[in-house]
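Residue numbers (the UniProt record's numbering): 1 to 506.
Please read the structure below before turning to the comments.
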């Protein structure tokens, strides 16, 4: 009887803790929803089972289509985990070896000494997106696919950035080449192989590899940005000129990106991977073991995405997170303009965080807070204040300089609801100067930079930026005065020295 009572009490305590955790998560995400702080989906799990799920904001602002649990997201660089799993499955089947050179599978590959292991661990020295720059300059409307990768590597004249294995240098091309190898070894195209041997065995019924010119997926979220500090509407990233190279021209390659999935399917993959349904236990362990460079040292850097102290490492297509108090976690992050993704599996607690974002969010704070709350700790306080600079920009464009200055002063005085950041003000000035097509853009830029010098009179950079705008406007003497003021405050300013030399004054 005594044992029964003890067990009952323990079960009640566990149940109360779990309930408290869910309440904390619900309160946190209710606040996020009320203040429209997150566009995207988040799923939290423990021991393979969902603990909490959240869908917020818009999949498509232009059509007012909201995110739901069924929304499809591009995994971006989390796709590398899947490509690595496919390669490792072929290894388990005896179809290839990680120490094999790439040229064994892709005749004509121009860099001897680069192995499959180098590709998986980003230690190959291959060029990244710069590989495609010349082609896109010649053919601005082209969309790069994997077909172009090997021919362009053969044309690359600059060689490897370092001896394979000497350094870690994150590079999407590594995983484009791995996808080509999967096709060569398996005899199947990459999307077909992934569907047959990875997605289907993992129970991922709503997952596929994106293909150029495919039938439009009505559930696929849009990558959405506010590209400047004066923009008030969310825009589709691949339609914005400054993001065209990465989000349009480089939108067709696979292996490094472009796996489309849901949070639910991502959890299915996590369960399949760590239960040994896709790879042998030894290969799973090898995949999440940190890479060692040629000098015998383990590659280490600060953790990506997760906030706080910790060491980040890299395995075979997996990021590794070592956080004090939480132990070892593995997963991957992904980024495209207008979209960010994060996948985390804690090897000790078996807790999983899957977070996809396609617009507004503070992803690092959000996922770190999720980890805290899963472990009974309070979340990072949500930042609910609005940008005074965005309010100023809106007023300047609609009502003029005097109204905008008044608006900024009112917002700065209301520190409960607004925050002011001089860097944002500086960015706004440059947005007006170089991004705006409006007839008044130059005057708006001058007004913004001028006001910033009064708000931050001790900051050398405000004068430097104002000088640049004055020079663009043809006010040479006034520009010189501002550059001199900037150098008076910071004699070592590289931008200031460069500008004065260009003006023939140094």
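Virtual Cβ for every residue (Gly too), placed ideally from N, Cα, C.
Treat the numbers as computed from the prediction; the structure is a model and nothing was measured.
For residue i, which residues from the same chain have a beta carbon less than 7 Å from its beta carbon, with the 5 sequence-adjacent residues on both sides left out?
i	result
residue 83	175, 178, 179, 255 and 317
residue 108	150 and 154
residue 401	447
residue 173	126, 127, 128, 131 and 149
residue 33	56
residue 95	185
residue 491	none
Could you say which of the options lies nearest to residue i if we only look at CA atoms?
i	options	result
residue 339	457, 40 and 330	40
residue 388	17, 441, 456 and 404	404
residue 313	124, 18, 168 and 502	168
residue 123	73, 436, 25 and 295	295
residue 423	459, 113, 33 and 97	459
residue 217	72, 96, 324 and 97	72
residue 261	219, 104 and 279	219
residue 101	164, 48 and 142	164
residue 418	68, 391 and 441	391
residue 263	119, 44 and 377	44
residue 455	473, 412, 357 and 139	412
Quick one: residues in its chain with C-beta nearer than 6 Å to the C-beta of residue i, no 5 flanking neighbours on either side, listed in chain order?
i	result
residue 289	315
residue 348	327
residue 506	500
residue 10	Unreliable placement is indicated for residue 10, whose pLDDT of 42 sits below 50; the coordinate value is still reported in the next sentence. Excluding sequence neighbours, residue 10 sits near nothing in its chain.
residue 330	288, 318, 320 and 345
residue 42	54 and 355
residue 19	none
residue 311	300 and 322
residue 59	65, 67, 71 and 221
residue 433	445 and 469
residue 292	298
residue 227	240
Could you spell out the range, first to last residue, of the beta strand (DSSP E) harbouring residue i?
i	result
residue 55	49–56
residue 497	Counting along the chain, residue 497 falls outside any beta strand (DSSP E), though it belongs to the alpha helix (DSSP H) covering 494–502.
residue 314	311–314
residue 345	339–346
residue 35	No beta strand (DSSP E) holds residue 35; DSSP gives it neither H nor E.
residue 352	351–357
residue 44	40–46
Grab the span of the alpha helix (DSSP H) containing residue i for me, first residue to last.
i	result
residue 178	172–186
residue 443	441–455
residue 422	422–430
residue 461	460–472
residue 488	476–489
residue 122	Per DSSP, residue 122 belongs to no alpha helix (DSSP H) and is neither H nor E.
residue 364	363–374
Excluding the five sequence neighbours on either side, which residues of its own chain have a C-beta within less than 8 Å of the C-beta of residue i, listed in chain order?
i	result
residue 337	223, 225, 237, 240, 243, 246 and 247
residue 22	51 and 52
residue 463	453, 482, 483, 485, 486 and 489
residue 426	449, 452, 461, 462 and 465
Under 8 Å by Cβ, that's how I've got residue i and residue j pegged, so tell me the actual separation to the nearest angstrom.
i	j	result
residue 470	residue 46	In fact, because the Cβ distance is near 58 Å, the residues do not count as touching under 8 Å.
residue 266	residue 198	At roughly 13 Å, the Cβ-Cβ gap does not stay under 8 Å, so residue 266 and residue 198 are not in contact.
residue 428	residue 273	Not really, about 45 Å apart at Cβ, beyond 8 Å.
residue 305	residue 342	5 Å
residue 190	residue 212	That pair is no contact at about 13 Å.
residue 36	residue 360	7 Å
residue 79	residue 258	6 Å
residue 279	residue 416	Not confirmed; about 53 Å, so no contact.
residue 111	residue 160	6 Å
In the segment 233–290, which residue ranges form an unbroken beta strand (DSSP E) of at least 3 residues, counting only runs that do not cross its ends?
Runs of the beta strand (DSSP E) inside the segment 233–290: 259–261.
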